Structures are given as C-alpha cells and as structure tokens.
Amino acid sequence: MTRTLSGKDIAGQLEEKFPGSIVESNQAHLIVKSEVLPDTLRFLKETAGLDFNYLNHITAVDYYQYFEVVYQLSSLEHNHTTVVKARCYDRENPSLPSVIGIWQGADFQEREIYDLMGINFTGHPNMKRIFLWEDFQGHPLRKDYL
Amino acid sequence: MKFERYGIGIAKGMTVTIKHLFRPSTVSQYPEQRLNTSRRIRGNELIWSEEKCTGCGTCAKTCPQGAIEIVTSTNLVENKYRVEKYEVDTGYCIQCALCVEACPFQALFLSYQYECATYRRDELIQGKEAMLETPERPVSGYFYPERAAKLPKQTLLIEKVVEKR
Amino acid sequence: MAIIDFVINSRVPMQALPPDWPGGFWWHWLFFTVVIIGFVLTMVMGFIYIERRGMGYMQSRLGPNRTGPFGLLQPVADALKVLLKENIVPTTADKLVHWLAPIVAFAPALMIFAVIPFQDKALLADLNIGILYIVAISSVSTVGVFMAGWGSSSKYSLLGAMRNVAAVVSYEIPLVLAVVGVVMIAGSMSLNQIVLAQNIPFILLQPLGCLLFFVAGCAEINRSPFDLMEADSEIVAGFHTEYSGMKFAMFYLVEYAEALAISAIITTLFLGGWRGPLLPPILWFVLKVVIVFFVMVWTRTTLPRVRIDQLMALAWKFLLPLALINLVITAIQVLIWPTALPWILVPVNFAIMVVLILIWSKFFKLGLGRIEV
Amino acid sequence: MALKTEPFVLNIGPVHPSTHGVFRMRATMDGEVVLDIEPVFGYLHRGIEKLAEQRTYGGFIPLTDRLDYIASMSNNFAYVTAVEKLAGIKVPERAEYLRVIMAELQRIAAFLIAVGAFLNDCGAFFTPFIYMFREREKIVDLFEMVSGQRLTYNYMRVGGVSQDIPDEFLPALRKFLDKMPGYIDEYDRLLMQNEILLARSKGIGILTREKAINCSISGPVLRASGVEWDIRKADPYSIYDRFEFDIPTGTVGDCYDRYRVRIAEMRQSLRILEQAVAQLPSGPIRSDVPHLVRPPVGEAYTHIEAPKGELGFYLVSDNSIAPYRCHIRPPSLINLTALREMVRGWKIADAIVIFGSIDITVGEIDR
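Chains as they are written, first to last, in my numbering: chain U, 439 to 584; chain F, 94 to 258; chain Y, 12 to 384; chain W, 754 to 1120.
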C-alpha cells in the first residue's frame, strides 16, 4: 500500500533547507511559495529518504481568488506519495516556474494547464497551446469562462 | 532478421495461418444472419409507459445530455401531474440508461431495437406516441430482470465456435 | 511474303513459328497478342479473387462473397467501381508524368508474357535470349513507378518510389544469378527449351535457386514481406497515394500482372512449365501458376514487413552470396554430368541447400539501423 | 562531392492508417530517417473536464466511457473509486469482485487491440489484428450481456455496479477462461518468434529505466523498461490485495519487450480472473447511495492500473452535486512524452512501430 507522507513531516525538512518557503502544511498536502517551487521540488526529488522521482500528475484548480497548481509526487523505491501545491494570485497573467527540468513528464501537462487554465510556466521550452488552436481566445477550464 | 533460429519462427507462423484456411470463419453475415443481442441491450429508443408516469421529471434531471424534455400541468381534481409533452431527442441520447435506472415508478424503458437510423435529423425526435410499447417496439430487459427473462437468449461467440485448438 | 521472310530470317529468329500456321507470322502475332491480353486480364481477376478470398479464410473471415456466385464477380465490380471514380490529379503534380506513369508501368508487365510458353511452342516469340528479355523488361516498370512517385509531388509517393528503385536495383542481381543456374542446366536461354529440358523439374535440382528466385521475385514485385513501396502502415500507399480512378486501376492491375508474371516465370523455370501427366498442358500451366501465387498470398498473410535497410541487407548479404555459391555448385555439377543431371543429385542438392542456409544464417548480421542525430 | 541535401517535413496524420485515430506527428525527415518529431494533439478535444463540472457525480459516468473508448470499464472504475474516496462510500463485497472481473476482462480486451494494432503497424497484414479482434469480440459479448452495450459500457455506479450479472454470465466466462490460454498460445506461435518481427522490434525504440521514470511513463511501457511498478500491487485499490499475480517486466525497454509484457499481462489477468470467479461472494451489488451524491468539501486523487497505464482522477468537491474540478490523469498523453527521444534517429518505419508499441487512444489524449 502506498504510504501518504503527511505534508507536515516534509514541511519540517523543507523549512530547514529553505526557510520561509512553506505557506501552509497539513496532513494531506503542503503549499509552498511559488518562487521557491522548483528548488523545493528538486530537493524532494533528490533528498535521500524522500526520493520523489515520479511525478504522477500536475493539475490546476481555479478558486476564483487564486489558481492552485497541484503536484502529486511518488517515490517508486519507497512507495510513498505526497501532494505539493503552489498558488498564483495574479488572475490576468498567472505564472509559475516550470518543473520540466526536474521531471520531463511535466512537459505536456504544463502545456495543457497553460492551454486550458492559462497559467504560464516560465522556463518551459515550448509553451504553447496543446489542444486548442493557436489563436483561441480565453482558457476554457477557468471558472469564469462561459 | 538475424536468422538465429533458421526461419523456424516464420515456419511456425505459416502453419497457424494455413490451419485457419480450413477452419470455419467466425464472422456472420449481418443482414441475413442476425445474432441475438443481449437481453439487456440498450437500444436506440426510449419506451415510456403513459399509465405509470407521474410526470415527476426525474428522468429529465438525470439525463447527462439533456435529451429528455418533459412539460407537465397540474391536474387539481385528481391531485397529480398531467404530462403535456414528453419528447426525447435520440440524436442527443447516448443510451446511458441513467433515466431508466432513475425512474422511481418504472415507467421508462429502453427499446430492444438497435436499427433506428433515419434519413433526417428531425425524425430522431421521439414524441409521446412514438414512445409507447408496441409489438414492433419491444422493450429491452435493461434493469428489469423479469422482462429480460422473456427475451431470446443472447448468441455468444464463445459458444458458437466449436473448433479445437 | 517477303516481309515475313525478312522477319523470320532477321537477327531475332522466331524459331517457334509453326510452319503450318495459316497466314504465317502475322496471324500468329495477332492471335497470341489477343491470347496474352485475355489471359493476363482473366488471370488477374482470378488472382484478385484468390488473394481476397484466400486471405479472408486465413484471417478467419469470409472475404468478398456478395457479387455473383461465391463473390466471383468481385473483381469485376471492383474494376467497374474504380473506373467510374473521379480522376484526381494533384494541382502541384507534374501532369504529364503523372498521366504517363501507369502506362509505362503497365506495358512491360504485359510484354513479359511474350516469351512464356503456354504449351509446347505455343508462345508469341520463342526468343533464344528469352531469359535475358525477361530480366531486361521486368525492370522497366520501375521507371513507371518512379514516374508515379515523382509526378504526384507527394512526399509519401516519393518515399515509396525511392524505396522501389532501391529494391529493384538490388534484387535484380540475386534474381539473375538464380536464373543462371537454370540456364546452365538446361543449356539454353529460350524458355521453351528450358521447359523441354525439365525431365526432372528444376525445383528439385535447384532448390536453393528456386528459393532465391522466389524471394527476390517477391521483392521485385512488392509482394509482402517486401512490400515497402506501398507499406500502408508507414507511407499510406506509397507511390500510388495520389492516384485514383482509372489510373489507380492500372497500378492495381500492374501489381497483379507482375505477380502473375513472376508466378509464370517460376512455373516455367522451376516447376516444369506446362509439362505434366493426364491434364492438358495449359491446365497444368495455370494450376502451377495459381499454386505459386497462393504461396505468395500465404506469406503476405503471415509475415510482417521488413525495413528498408534490412531489405537491402538481405539482398546483398544473404541472397547474393548464396546465389553465387549456388552458381558455382551448379557449374561443377554441370561439368561432371554434361548431358543431364541424374536423380541422385536431388537429395544432394536439397542437403546442400539446407547446409548453406544454416551456415549463412550464422554469418548474417543486420545493423541496428539507428543514426545519431 | 557530397550531394547537397536538406531535411523535409512530413505530416503523419491526423488521417493516416497507423496513427490510431486522429493523432498527428510532424516529422522532420532526412530521407528515411526521422530527425525530429513533434506530436500535435487536439483533433478530438471535447472538453470532458469542463463537461464534468456541469454534470452530477453520477451523470458523468457515461462520459468517462468516452475517454479511453477501448477500455471503458477501466475508466468507469477509476472514476467511481475517486467519487467513493471523496464521499467516503463503502462498496459491497460482491460489487468489488464484479468490478475486478470487469476490469481484468477489459484489460485483456484492450491489450488484444494494443498488440494487434502494434503487429499491424509492423506490417503483418491484418492477420494478428483480426485474430485478436475475434477474441475481443468474445469479451465484448460478455460485457454486452451484463451492461447492454458493446463499446460504452457505463456499468459501474457510485457505490457499486448498475445491475447484477445474469445467470448465464458465469458459465460463459468460465468457457472463455478455459479457451483463452489456447488463443494466447496461438498468437505466440503466429509471430512471437518470427525473425522479421524480431528484427523490426528488438532493440528498436529503447526507453531506459531512468528516462521512463523521469518522463512519468506508466503501465506496460514502464514495466517493459524494467521497473516493477504496478498500481495493483504497489497501491492495491479495490480488492486487488486478495489476488495472487506476478508483474511481468521487460529487460531492455524496446518495442519487443513492450509487446511481450502485454502478452504476459494477459496471462496474469487470466490468473486474477480465475481467482476472482472462484471467490465471488453473493450479496448486494450496490450500497445505499443517494441518487445525487454530495461529497463533503475536499479533494481526492485515486489512480488505477488501466490498460494504458496509471489512470487517475483528481476530484475537488465543494459540497454540491457536481464536481468543482475533475482532472483526469491521461496515461496515453503522458506516455507520449518520451516519444520524441525514442523516435529520433530511427527510420520512419521504426517510428511507426515505436508509436504503435506505446499504445495510445486519442480519446484519452485529447479528452
């Protein structure tokens, strides 16, 4: 059975390495500051004992006030999993650093989030629409898109 | 193609295909040979029982596609709804049968027919009269096992083919 | 009748001209032209039927069975359908080349039958260089295929055509070398003479040659597993991607006419041609042709397709050396028994074939085919 | 003198015999060699995630059928487990067994298509494809018997399954289980050791273990690369911890391994089916779930081992009758991440074979 690492445990380790990076942590997930997101995720991937080498999926949720991007991470060696989230509050031009340098599997998923939710992942080499055509107006998965 | 096995793999494959040459084929010739479909087949039409329907509209609310349109008026004398209009656009219907499962009064069924193609889109809309159960429009046993028991048994391919392998 | 004398005594002597033929050469020519065209067209229809039905049964389905009794009229229906279709020429195509390609491809496929004997001396022209003629003519249809690939101005077509040219250039060599063994045993290049020389069918004396010829022939006429030129899972339909209507029908016809030609050549060279007991010769001929074609259908049903570099490797690394070795062995045997090879050689040659293939399979290696980019 | 050449762009798809739907690849080619490849998606985009926000939790089940339309049961399964986790619904024992039976039958059916289409891409002219479709029809017959449809089954419900199996189902399934190993042996005889197939698929399109994990590859493609990761074993959902089965893995991670792993998994699925049929209890098939489920505020991610890989549903609830956000983790889309690396430098014929060995469904990629 896959163990779910609680966000609090990981938050403790992260806080030592990157002070002030954690916004919120509870049993189910932890929310990190978007500026340090790649660093923390790289730390999670490369620290022995955590080894989150497998990125299950990335998705984004629109909560009107902010967008929440959800990273579900797993470790195939230790068979545990956790959820890391990041928020971006800018509704006009939301952006987050890309994690494609850490997990290549983020490639199409980040493009998909950009296409449907409008979050720009800086550092992604090919940030363009994936499903819809190039001059499509709007981002359909946003709650205010009708 | 490193021929480590000197073409034995090729020869084995050739025997399989040549054996099939002398076996009965598994296909059936559709318009003449019709296999019995499942007793629970979810056919292309909805069948509605006017007597049982109370006009509650659960079916219309459940339909994921919004294909059911129901208009009711209140019959104050008998203290119940009267169904003014009941229409299904089978062009929108995806035959999920959620309406059949949702109906609290067992007034809605799917049909046993599956060949309901028409030449025009507006012919796909089923009105009240076109939804009643008739001998030409039999009812499928989906969700109603007692009706399913009366329907012919399904032809199974696994029972049809008898050759030895 | 000076002109006929001239034709008869010209540099290409028409040896098989029957002296008692009424009207002499021209009647002979007319008669056999009609016979060949009729034969090719009916046999192609038969082949299409055999291929589709045989393949259907091998694939556990029925194949076409709606048109006519047992679906026998399916080729006719196909032809009618395809003739009535719209003839589309791509706007960027080289129109002249696009139009000419099917004709250039079709003519040589028909011309091959000029030297194939349907029974003793019953052939259009018994050239004493019959084999050379076949080898020369059979490569000409490649020009048509390449014209189709170039003229369509489609990348898929061009890829298919390039593959075809590469394959034909390579496979011509083992094909010819495999034939030379037969020529040495028979002592003649005339196909009629070769058939007459087959008291033992040459497939028994030349089993390896027959196998090589079959493989190389399949590759020449794009039969599976060497059908890279029209590999439908890779390059849609290869050189005839952009063809439709009548012109597509021509290519379709060429495909089967070439299959018929190769089957007929194998029959003539290795299976004893029209010779056989009891039945009339022409029936034996047709029967053998159909059997050879059926083997082609069978391989097509079973085998996956090879890749282009593997195709080349098979020709140059496997077929060519084996064909050369086969040639040497045949030459030695012919030297020892100059008049006729004895029956004892049948098991010996089969053993030689098995040993050679086993040994050469050990040597045969393929590259991986990847290029660093 | 070297010839001056220049690469050209070849559009493979969206209408092409072997792109398995309306997938499109823009390939830059140097003659036969693929220099670069760019997958282009979106020809089947229907916005299913957006549609989910406008449907009830139960009303979305028929739409999950349309994701990976050759493995509808698995999609149903993944979705209903997500809703059940979100709402905290217990599922009756018999329903769990029925779900496992359906999911494993569906796995065999989906692999039959995957392998058949792969061999067809290799150039075996429809023979393996038709043989495998013949066996798939037998499975589809069983699905038709229980659910009434042959493609979009819509069988599972939140809290159970829609109906109990009919009486004639188990004998027919028994017959199928007896015959299927023979059929699989026949496929092995047909092409497993065929020299041409070996030449076409061995060593082709190697995906290393590290690359596979880094690219979030899942399912048979991951296992062919030598990673022993099967969600049925690693994170047993439903009742998979009660069954005994092995995880077949490959060694090299080439196309042949992916083909072999799929064939081996069919045999393992048959093993699971044998056990499930033997243990099948009686009892209710649906727990008492209200018609309109209102899960508490929260979020849930569940993943199952679908035929294509890890199929996950991420649901966010705001205590209404419709999901606030429904995200689908599409295995087909994510498995394509590594396609570019795998294909570069190979010939176009290999590119098709590699693409076929990944086994995608466009309905799931584009959603």
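Glycine is no exception: its CB is placed at the ideal position from the N, C-alpha and C atoms. Remember, predicted model here, so these are calculated numbers, not experimental data.
Can you pull the DSSP bridge partners for R230 of chain F?
Position 137 of the second sequence, counted from the first residue, corresponds to residue 230 of chain F. Beta-bridge pairing links R230 of chain F to F:T227.
Given a cut-off of 8 Å, decide if L960 of chain W and A1091 of chain W are closer than it, judged by their beta-carbon atoms.
By 1-based counting over the fourth sequence, the position of residue 1091 of chain W is 338. By 1-based counting over the fourth sequence, the position of residue 960 of chain W is 207. A1091 of chain W places its beta carbon less than 8 Å from that of L960 of chain W.
Contacting positions in the region 778-800 of chain W - beta carbon closer than 7 Å to chain Y
For chain Y, the residues of the region 778-800 of chain W that bring a beta carbon within less than 7 Å of one of its beta carbons are E785, V786 and L788, in chain order.
Does the beta carbon of I1113 of chain W come closer than 8 Å to any beta carbon on chain U?
As a working mapping, residue 1113 of chain W is identified with position 360 in the fourth sequence. Chain U contact via Cβ: absent.
Would a check of beta-carbon distances place L250 of chain F closer than 8 Å to chain Y?
One-based indexing of the second sequence puts residue 250 of chain F at position 157. Against chain Y, the CB of L250 of chain F has no partner CB under 8 Å away; the residue lies outside that interface.
Could you name the residues of the same chain whose beta carbon sits closer than 6 Å to that of V762 of chain W, not counting the 5 residues immediately before and after it, in chain order?
The residue labelled residue 762 of chain W in the question sits at position 9 within the fourth sequence. Closer than 6 Å at the Cβ level, and outside the excluded window around V762 of chain W, lie T781.
Are the CB atoms of W327 of chain Y and S201 of chain Y nearer to each other than 8 Å?
Translated into the one-based positions of the third sequence, residue 327 of chain Y becomes position 316. Translated into the one-based positions of the third sequence, residue 201 of chain Y becomes position 190. Result no, Cβ atoms of W327 of chain Y and S201 of chain Y do not sit closer than 8 Å.
Quick one: list the residues of chain F neighbouring G812 of chain W, beta-carbon separation under 7 Å, in chain order.
Numbered from 1 along the fourth sequence, position 59 holds the residue referred to as residue 812 of chain W. Those within 7 Å of G812 of chain W in chain F are T155, P157 and L191.
Can you tell me whether DSSP reads E97 of chain Y as helix, strand or coil?
Within the third sequence, the letter at position 86 stands for residue 97 of chain Y. DSSP, read as helix, strand or coil, puts E97 of chain Y in coil.
Does the CB of Y235 of chain F have a neighbour CB from chain B at under 8 Å?
Note that chain B does not occur in the displayed structure, where the protein chains are U, F, Y and W.
Secondary structure at N20 of chain Y, three-state DSSP: helix, strand or coil?
As a first step, residue 20 of chain Y must be located in the third sequence, where it is residue number 9. Note that N20 of chain Y scores 46 on pLDDT, short of 50, meaning its location in the model is unreliable; the coordinates nonetheless yield the value given after this. In the three-state reduction of the DSSP assignment, N20 of chain Y falls in the helix class, which pools H, G and I.
Cβ-based burial, T108 of chain F [other Cβ within 10 Å; buried from 16]:
On the second sequence, residue 108 of chain F is found 15 positions in, with the first residue counted as 1. Counting C-beta atoms within 10 angstroms of its own C-beta, T108 of chain F has fewer than 16 neighbours from the protein chains shown and is therefore classed as exposed.
Quick check on this structure: which residue in W:V1096, W:D1119 and W:L820 has the alpha carbon closest to the alpha carbon of L788 of chain W?
Position 35 of the fourth sequence holds residue 788 of chain W. Of the listed residues, the one whose Cα sits closest to L788 of chain W is W:V1096.
Measure from the C-beta of M224 of chain F to each C-beta in chain Y and report whether the shortest distance is under 8 Å.
On the second sequence, position 131 is the one that residue 224 of chain F refers to. It does not; no Cβ of chain Y falls within 8 Å.
Decide if the region 519-526 of chain U is in contact with the region 541-554 of chain U; the criterion is three or more beta carbon pairs, one per stretch, under 8 Å apart.
The region 519-526 of chain U, when compared against the region 541-554 of chain U, does not touch it at the 8 Å Cβ threshold.
Can you give the Cα-Cα distance for T130 of chain F and A112 of chain Y, rounded to whole angstroms?
For the purposes of this step, residue 130 of chain F is taken as residue 37 along the second sequence, with counting starting at 1. For the purposes of this step, residue 112 of chain Y is taken as residue 101 along the third sequence, with counting starting at 1. Their Cα atoms are separated by approximately 51 Å.
Relative to the C-alpha of F776 of chain W, which residue among W:E1058, W:G784, W:I790 and W:D783 is closest?
Within the fourth sequence, the letter at position 23 stands for residue 776 of chain W. Per the Cα distances, W:I790.
Listed in chain order, which residues of the region 119-147 of chain F have Cβ atoms closer than 8 Å to some Cβ of chain W?
So the list reads T119, T130, S131, R132, R133, I134 and R135, given in the order they occur along the chain.
If V1106 of chain W sits next to S954 of chain W, beta carbons under 8 Å apart, how far is it from one beta carbon to the other, in whole angstroms?
Here residue 1106 of chain W refers to the residue found at position 353 of the fourth sequence. Here residue 954 of chain W refers to the residue found at position 201 of the fourth sequence. V1106 of chain W to S954 of chain W, Cβ: 6 Å. Contact.
Chain W within 8 Å of A219 of chain F, Cβ atoms only
One-based indexing of the second sequence puts residue 219 of chain F at position 126. A quick correction: the sequence has Gln, not Ala, at residue 219 of chain F. Judged by the 8 Å Cβ criterion, Q219 of chain F is not in contact with chain W.
Can you find the residues in the same chain that come closer than 8 Å, C-beta to C-beta, to D1010 of chain W, ignoring five residues on each side of it along the sequence?
Mapped onto the fourth sequence, residue 1010 of chain W falls at position 257. A977, S978, G1003 and T1004.
Flag this pair as yes or no: are the beta carbons of G228 of chain Y and L294 of chain Y separated by less than 8 Å?
As a working mapping, residue 228 of chain Y is identified with position 217 in the third sequence. As a working mapping, residue 294 of chain Y is identified with position 283 in the third sequence. With respect to L294 of chain Y, G228 of chain Y sits apart: the two C-beta atoms are not nearer than 8 Å.
Considering W371 of chain Y, what are the terminal residues of the alpha helix (DSSP H) in which it resides?
Within the third sequence, residue 371 of chain Y is the residue found at index 360, counting from 1. Residues L356 to F374.
Going along chain W in order, which residues have a C-beta closer than 8 Å to the C-beta of D477 of chain U?
Taking the first residue of the first sequence as position 1, residue 477 of chain U is located at position 39. Going along chain W, no residue has its Cβ under 8 Å from D477 of chain U, so there is no contact; the nearest lies around 18 Å.
Given 8 Å, three or more beta-carbon pairs between the region 257-272 of chain Y and the region 188-196 of chain Y
Fewer than three pairs of CB atoms, one per stretch, sit closer than 8 Å, so the region 257-272 of chain Y makes no contact with the region 188-196 of chain Y.
Use the C-beta contact count for G811 of chain W: other C-beta atoms within 10 angstroms, 16 or more gives buried, fewer gives exposed.
Here residue 811 of chain W corresponds to residue number 58 of the fourth sequence, with the count starting at 1. Counting Cβ neighbours within 10 Å, G811 of chain W comes out buried, since at least 16 surround it.
Can you have a look at W141 of chain F and say buried or exposed, based on whether 16 or more other CB atoms are within 10 angstroms of its CB?
On the second sequence, position 48 is the one that residue 141 of chain F refers to. So W141 of chain F counts as buried.
Taking one C-beta from the region 327-339 of chain Y and one from the region 264-284 of chain Y each time, how about it: are there three or more such pairs within less than 8 Å?
With the cut-off at 8 Å, the region 327-339 of chain Y and the region 264-284 of chain Y do not touch.
From the DSSP output, in three-state form, read off S827 of chain W for me.
Here residue 827 of chain W refers to the residue found at position 74 when the fourth sequence is read from its first residue. In the structure shown, the three-state DSSP call for S827 of chain W is helix.
How would you call L41 of chain Y, buried or exposed, if buried means at least 16 neighbouring beta carbons within 10 angstroms?
Within the third sequence, numbered from 1, the residue matching residue 41 of chain Y stands at position 30. With fewer than 16 other CB atoms across the displayed protein chains lying within 10 angstroms of its CB, L41 of chain Y is exposed.
Close beta carbons around L135 of chain Y, own chain, < 6 Å, minus the five adjacent residues each side
Taking the third sequence and counting its residues from 1, one reaches residue 135 of chain Y at position 124. Excluding residues within five positions, the ones whose Cβ falls inside 6 Å are F43 and A125.
Residues of chain W with a CB under 7 Å from the CB of D243 of chain Y: which are they?
On the third sequence, position 232 is the one that residue 243 of chain Y refers to. Taking a Cβ-Cβ threshold of 7 Å, the residues of chain W close to D243 of chain Y are P770, in chain order.
Hey, does S978 of chain W have any beta-carbon neighbour from chain F nearer than 8 Å?
The residue given as residue 978 of chain W occupies position 225 in the fourth sequence. Cβ-Cβ to chain F under 8 Å: no for S978 of chain W.
Is F882 of chain W near N873 of chain W, with beta carbons less than 8 Å apart?
Walking along the fourth sequence from the start, residue 882 of chain W turns up at place 129. Walking along the fourth sequence from the start, residue 873 of chain W turns up at place 120. Against a cut-off of 8 Å, the Cβ pair of N873 of chain W and F882 of chain W comes out as a contact.
Along the chain, where does the alpha helix (DSSP H) that runs through S900 of chain W open and close?
The residue you call residue 900 of chain W lines up with position 147 of the fourth sequence. Per DSSP, the unbroken alpha helix (DSSP H) holding S900 of chain W starts and ends at T880 to S900.
In this structure, how does DSSP classify D821 of chain W when only helix, strand and coil are distinguished?
Working through the fourth sequence from its first residue, we reach residue 821 of chain W at position 68. Correct three-state label for D821 of chain W: coil.
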